[in-house]
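Following this note's numbering, the numbering of the sequence shown begins with 1 at its first residue and continues without gaps. To start, the structure under review is shown below, and the notes come after it.
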Amino acid sequence: MLWLQSFFDNTPAPGEPVNPWSLRKSPRIKSLLIRVAAQLDDAHWRVDASARTNPDGIYLTHPADTALRAYLHVHGQQAGRAGLHLEFPPVDGQGPTYETYEDLTPARLGDMLAAHFCTAGV
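What follows is the structure, given as structure tokens:
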């Protein structure tokens, strides 16, 4: 049934690569996602198709650890800028940890996502 859902709402199956232009998201978030994707290794992140968000935001997740996520958004941001909420998995029985950043340039956003996803488990 998942394939049928993805057929109608353009969300990829879990673990599948995604064409940002096929997502039901605002042009601003699609453009930003494409710019950021050019900076990151595809092996370290995926679009979290199971997370429902508004058109100006999208969740990204680490393929090996789905508790390691990032929420990328453009609502409330200047043109060409983005907000980022990093989510870290629980440690030692504590709840998850969050970091929030606003007004990031695409270059800075790419650097932060690379550090968040590409160094996971290091």
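Beta carbons: idealized from backbone N, C-alpha and C, even for Gly. If you're wondering where the values come from, they're calculated on a predicted model, not measured in any experiment.
Subject >> DSSP-derived helix/strand/coil call for D111 >> reply: helix
**OP:** Using three-state DSSP, classify L141 as helix, strand or coil.
**Re:** This structure cannot settle anything about residue 141, because the visible part of the chain is limited to 1 through 122.
Subject >> Closest Cα partner of G110 within the set R28, Q39, L23 and S22 >> reply: Q39
Original post:
Can you tell me the Cα-Cα spacing of D65 and T97, whole angstroms?
Top reply: 15 Å
**OP:** Quick one: grab the DSSP three-state call for F7.
**Re:** Here F7 scores only 39 on pLDDT, less than 50, and its place in the model is too uncertain to base an answer on.
Original post:
Roughly how many angstroms separate the alpha carbons of G57 and H75, rounded to a whole number?
Top reply: 7 Å
Subject >> Inside the segment 23-72 only - alpha helix (DSSP H) runs reaching at least 4 residues >> reply: 27-37
Original post:
For G151, which residues does DSSP report across the bridge?
Top reply: In the structure as shown, the chain begins at 1 and stops at 122. Residue 151 is therefore absent and cannot be evaluated.
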